[in-house]
Amino acid sequence: IVGANRRANKITTSGNSVLIGMPAQVAFPEVMYESIGGAEIQSGDTTSGCLELEGRKLQYRVNPLVADGDCRGSVITLWEEVA
64 IVGANRRANK
74 ITTSGNSVLI
84 GMPAQVAFPE
94 VMYESIGGAE
104 IQSGDTTSGC
114 LELEGRKLQY
124 RVNPLVADGD
134 CRGSVITLWE
144 EVA
């Protein structure tokens, strides 16, 4: 993870650690990593969906960072549904 705001840190780690520098599979709770699709994070495909984490409904979008035809990572956008 190369960048994250405070809200992302609180959602993913309950505020107990800093996300920057951590691999996604370590930083994200297991249910989040599996829902987002760990393999898809590096696949180069844009994906989106919803998941529930600790009683919160979250939506996500994963967009690939592609250079010279190779996936160099992904931008993961995560937001909480507010009713």
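In my numbering, the protein residues as written are 64 to 146. Where is the CB? At the ideal position from N, CA and C, for every residue including glycine. Just so it is clear, the structure is predicted and the values come from calculations on it, not from any experiment.
- The alpha-carbon of R69 is positioned some 26 Å away from that of C134.
- Contact check for R119 and T140: beta-carbon distance about 16 Å, past the 8 Å limit, so the pair fails to qualify.
- If you draw a straight line from the Cα of I64 to the Cα of A90, it is about 8 Å long.
- Within the model, the alpha-carbon separation for E115 versus G136 is close to 24 Å.
- Here S111 has Q122, Y123, R124 and V125 as same chain residues with Cβ atoms under 8 Å from its own Cβ, once five neighbours each way along the sequence are excluded.
- Annotation for Y96: A87 and Q88 place their beta carbon closer than 7 Å to its own, counting only its chain and skipping 5 residues before and after.
- With 16 or more neighbouring CB atoms inside 10 Å of its own CB, T75 falls in the buried class.
- With respect to the 8 Å criterion, A71 and I83 are not classified as neighbours on the basis of their beta carbons.
- Annotation for V94: the continuous alpha helix (DSSP H) segment containing it runs E93 to I99.
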